[in-house]
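Down below is the structure, laid out as C-alpha cells.
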Amino acid sequence: MHPARSLSLRFIVAFLCSTFSVALAAPSVCDHVDPLIGTVGAGNVIIGPSAPFGMVKPGPDCSEYSNTGYRADPTVPIQGFSQVHVSGTGGGAKYGNISVMPFVGETSTLKLGSLREKESAALGYYSVHLQKGNIHTEITASPKVAFYRFGYDPAVPGKRSVKLDAAEFLNESTAYPAKEGQYFVGSEIEIVSDREIRGYGRMRGGWNRGRAYTVYFHAVFDQPFAGVTTWADGQFFPGVKSQTRGTQKTGALLTFADIGAPTLRMKIGISYLSSAKAGANVQDEIPGWDFEATLAATRNLWEKLLGRIEISLTATAAHKRMFYTGLYHSLLMPADRTGENPLWQSTHPSYDDFYAIWDTYRTQMPLITLLDPARQTGIVNALLDIYRYDGYMPDARSGNSNGRTQGGSNADIVIADAYVKKLPGIDYALALQAMLKNADVPPGGDEEKEGRGGLADYNTLGYVSLSYPRSGTRTVEYAYDDFAIATVAKGLGETALFERFSKQAHNWKNLWRADLVHDDATGFIMPKDAKGNWVDTIQGTMPGNEGKTQPFTPAYVNMGKFEDWWSGFLYEGRSWEYSLSIPHDVAELVRLSGGPQAFESRLNTFFKKGHYYVGNEPAFLGPTLYHWIGKPELSSDRIHAIINRSYNDSPKGIPGNDDSGAMSAWLAFHMLGLYPNAGQSHYLLNTPFFAESTLHVGDGKTFRVLARKLSPENKYIVAARLNGRPLARAWLEHAEIVAGGVLEFDLAAQPAGWGRTELPPSLRY
C-alpha cells in the first residue's frame, strides 16, 4: 500500500482481514502487550488505547501537570477523559484536549472528578469503574476516533449525564509566556442534532512552546439527548444549543432519558481541519456501534505490525510482556495525521509529535525502519515537507509547530539512516538541501526552536563556546550530524560538500581535553570559551545561586538546581557520558582514551562508579562500546545486567521517560541481540534473550536468529554463522538482515575470543 494512503482505509481492511499467523509465539502477540508497564514512575507512557501511530490517544486525566494526564494513585480522582495525548515525554505537558466525563443527575459545578476502582488496560482497551455515580467506563479507539461505552447503574437515582468540555487541556498557564505551559486561545461548541455535538478547542504553548493549534471534534451518541445545558466561561445556559463567540471556555452538559439501555455509547472523532472533517472521520472509521468490532480491528492492526517479529515459546512470560510492550510503546509516535494538515496540502504523509528526534533517532526510528520501512519512508517525507513549507526539519515538533532543539539537528541522522539503508521513495537531493539548511543558516532569534543554535561559533571556531547554552552537547552532536551530511553528500556525488563535512565530523575533538584525568580515565569533553581557553567553573543561574560558581568536573550533571536545565554545558548527561558518545568515530575515541586496554578500564569505571545512567539517551551506545576493542562478550554482560536491573514487566518497568518509545526500542533491540548505530548501516550483535526469533523483513523473506544452548550459564557467543557460513565479526549490515537468512549463535559458559578480529566500522562513508 502506498505510504501516503490514509490510515482510515487500512483500519477498515484490518477488520475484514484475518489476523497475522504466528507460528512460534502465542496465538496473539497482542496478549503479551501490557499498557500498564511504564505508567508508574517516570515512564510517562499512555494507559489508554491507540492504533499504531494513532492520531487519537484517549485516556484518563487525573492531574493537569502529568505528561499523559494520568496518575496511577487511586486516591487521585479522575477528572475526565481527553482525546489527545503524547506518550513517554518529559517537560511541560502538551494536549489533553476535548474532555468527556460521565456523571449522574444534575450539577452546579464543572468539577466532577471521581475516585476509581477496577482499573484495567489491554492493547486497544481501557476500563475503569468511577465510584461517583457507580459508572463503568470503557474506551477503545480507531486511528482518528475514540469510542466510549458508559455503563450506568439503574439503582443510582438521577439522569444519565455526560460533560463535554471543549476548552479542557493539560498544564494550563495564564501569564504568557511561561516557559512550558499551555494557554487557552478559544473554543466553541454546538448541538447539531438530538444525538450529535461538535466544536473545537484552540490552545498554544506546551513543552515545545508552539503556536496555536486547534483540535476539532464531532461526537455522536447512540441515544437522544433528553436535555442540554451549554456553558461559557463557567456560566450555565440551560436549553441553549451553542456557544460560538470563540473567545470563551465552552462546553455542554448532556442528559439522557431514564428509560432505555443503561449502557450509553459515544464516538468522538478528532480533526485538525474542521469539525466536519471530524464527523467524516467517525463515518469513515466507525460507522456502526459495535464496540467489540472496533476493538478487534485495532488489535488486528497491531497484530499485523507486532507479528512481524516472532519470539520462541520458551521465552518467559515476563520477557514476552517486556518485549512486545516495548515494541508497542515504540510504535505509538509520531502521530499519523495524513489528510489532517491545516498548514499545507501535500501528496506525502503528514506526521506530528516528533517528541523529540533527539530521543528517537538512536533506537525508535531505526526500529520503525526495520519493522515497517514504508512507514519510515512516509515519516522521512513528512520531515522533508516540514522543511519545504515551514523552513527547517524539526528536532522536535508538536501541535504543528517546530520546537525545541535539545542538542544537534538530529533529523540529519534520520536522513542518513534512511539513505544508507536504501529506503526508496525519498528525494535525497531535497533531503541534502534540508540538512545544509541546518548546517549553514542560523535559525534567528529563537535558537531553541529549530536549526543549530550557536552556529556562528561552530562554523568559525569549530566548536560552540560556553557563550551559548548546551555548548558541549551541541558541539558533539553537530559533529555527528556533519558525519551524516558527509555520508549523503558522498553518495550523491557532492565531492566538495563531502570534503567539508567529513572534516567537520572531527569537530568533537575540539572540546576534548586530553590532559584531564578523572577516576583514572584520561581525556574528556569539557567547556571552552570563545578565545579557546578551557573553563573549569560554571556559573549558577537558578534563584539563590546567581553569581555563585562551582567546579565543573566530568561527573557533574545539571539537575536544574544550580543552573537552569536548558543553560548548562551538557543536556541530560555528564561529561563521562558525552565523552563516550561519539557513535561515528569510536575507533578514534579508543585511541584518544589511551588504546584498547585503557578504554576497557575506562568503560569498567563508567559502569562501576555510577557515571552511566540508562535513562540518558547520550549513553545509549555505551554498553556496546566494548565491541570496538574486540570484546563483545563484555558488551553482552553489561546489556543483560542493565536490563535485568532496570527493566521489568511491572508498572514501574521503564527506567526513566520512555521518550516516545526510545527507551522501549533500546530494550527491544537488545532483547533480540541486535543494536543499531544510527545513521550507519551496521548493527552490533549481542547475546539475545530468546533462543529463537524471526523477523519478517518483507517480500516474504524472514531473518531468523538462533541462540543455541542459551541459558543463564551459557551466556557468551563463542561462534556465529550467517546462512551456514562462519561469521567472525560481531556486527551485521542492514542489507544482510533484510535479504533474509539465518544467524546462528553458539553459546557457552565462557567467552572464546569471538568478535576479536574484524571490529565494527568507524568513520566509514
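According to the numbering used here, the sequence shown is numbered sequentially starting from 175.
We put the CB at the ideal spot given by N, CA and C, even for glycine.
Quick caveat, the model's predicted, so the values are computed rather than measured.
> Would DSSP call phenylalanine 919 helix, strand or coil?
Replying inline: strand
>> Using a 10 Å radius around the Cβ and a threshold of 16 neighbouring Cβ atoms, would you call methionine 175 buried or exposed?
In response: Residue placement at methionine 175 cannot be trusted, given a pLDDT of 33 that sits under 50; what the coordinates show is reported in the next sentence. Per the 10 Å Cβ criterion, exposed.
> Is alanine 836 helix, strand or coil when you go by DSSP?
Replying inline: helix
>> Quick check: what's the CA-CA separation for threonine 647 versus tyrosine 752?
In response: 7 Å
> Between the C-alpha atoms of isoleucine 828 and aspartate 527, what's the straight-line distance to the nearest angstrom?
Replying inline: 21 Å
> Start and end of the beta strand (DSSP E) containing alanine 585?
Replying inline: Here alanine 585 belongs to no beta strand (DSSP E); instead the alpha helix (DSSP H) covers 585-594.
>> Let's test the definition: count the other Cβ atoms within 10 Å of the Cβ of glutamate 673 and tell me whether it reaches 16, buried, or not, exposed.
In response: exposed
> Is there contact between the stretch 515-533 and the stretch 239-257, where contact requires at least three CB pairs shorter than 8 Å?
Replying inline: no
> Straight-line CA distance for threonine 403 to threonine 311?
Replying inline: 22 Å
> Taking the C-alpha atoms as reference points, what is the distance between alanine 200 and serine 867?
Replying inline: Because the pLDDT of alanine 200 is 44, which lies under 50, any placement of that residue in the model is unreliable, and the number read from its coordinates should be weighed accordingly. Taking the straight line joining both Cα atoms gives about 13 Å.
>> Give me the DSSP bridge partner(s) of threonine 403.
In response: Pro412, Leu427
> Considering tyrosine 387, what are the terminal residues of the alpha helix (DSSP H) in which it resides?
Replying inline: No alpha helix (DSSP H) holds tyrosine 387; the beta strand (DSSP E) holding it covers 384-395.
> If you drop the 5 nearest sequence neighbours on each side, which residues of the same chain put their C-beta closer than 8 Å to that of glycine 265?
Replying inline: Asn241, Glu354, Trp381
> Taking three-plus beta-carbon pairs below 8 Å as touching, is the stretch 900-908 in contact with the stretch 576-583?
Replying inline: no
> Can we say the stretch 606-614 touches the stretch 415-428, given the rule of at least three CB pairs closer than 8 Å?
Replying inline: no
> Between glycine 332 and phenylalanine 324, what straight-line distance do the alpha-carbon atoms span, to the nearest angstrom?
Replying inline: 15 Å
>> I need the boundaries of the alpha helix (DSSP H) containing phenylalanine 321, first residue and last residue.
In response: Phenylalanine 321 -> not in any alpha helix (DSSP H); beta strand (DSSP E) instead, spanning 319-325.
>> Please report the distance separating the alpha-carbon of glycine 513 from that of phenylalanine 410.
In response: 36 Å
> Can you give the Cα-Cα distance for alanine 852 and lysine 285, rounded to whole angstroms?
Replying inline: 47 Å
> Would you call the CB atoms of leucine 635 and valine 709 closer than 9 Å?
Replying inline: no
>> Tell me the rounded alpha-carbon separation between arginine 950 and proline 328.
In response: Residue 950 lies beyond the residue range present for the chain, which begins at 175 and ends at 939; the question has no answer from this structure.
>> Let me see if you follow: with CB-CB separation under 9 Å, is glutamate 362 close to chain B or not?
In response: Absence of chain B from the displayed structure is noted, only one protein chain being present.
>> Could you tell me the alpha carbon to alpha carbon distance between serine 824 and alanine 296, rounded to whole angstroms?
In response: 14 Å
>> To test your reading of the DSSP string, which unbroken alpha helix (DSSP H) runs of 4 or more residues are found completely within the stretch 524-570?
In response: 531-534, 538-545, 547-564
>> Here's the rule: buried if 16 or more other CB atoms are within 10 angstroms of the residue's CB, otherwise exposed. What is glutamate 342?
In response: buried
>> If I measure Cβ to Cβ from alanine 406 and keep anything under 8 Å in the same chain, skipping five residues before and after, which residues do I get?
In response: Gln417, Arg419, Gln422, Lys423, Thr424
> Leaving out the 5 sequence neighbours to the left and right, which residues in its chain are closer than 6 Å to aspartate 235 when beta-carbon positions are compared?
Replying inline: Gly243, Gln253, Gly254, Ser256, Gly270
> Where leucine 629 and tyrosine 637 are concerned, what is the direct C-alpha to C-alpha distance, given to the nearest angstrom?
Replying inline: 9 Å
> Between which two residues does the alpha helix (DSSP H) containing histidine 870 stretch?
Replying inline: Segment 866-872 is the beta strand (DSSP E) holding histidine 870; no alpha helix (DSSP H) there.
>> Does the structure place the stretch 488-505 close enough to the stretch 203-212 that three or more beta carbon pairs sit under 8 Å?
In response: yes
> For tryptophan 941, does the three-state DSSP call read helix, strand or coil?
Replying inline: Lying before the first or after the last residue shown, residue 941 is absent from the chain, which here runs from 175 to 939.
> What runs of the alpha helix (DSSP H), each 4 residues or longer, lie entirely inside the stretch 480-511?
Replying inline: 491-504
>> What does the alpha-carbon distance come out to for the pair valine 788 and isoleucine 813?
In response: 10 Å
> Can you check whether the CB of isoleucine 460 is closer than 9 Å to the CB of valine 319?
Replying inline: yes
> Per DSSP, tryptophan 739 forms a beta bridge with which residues?
Replying inline: Bridge partners of tryptophan 739: none, in fact.
> How long is the line joining the alpha carbons of leucine 666 and lysine 596, rounded to whole angstroms?
Replying inline: 13 Å
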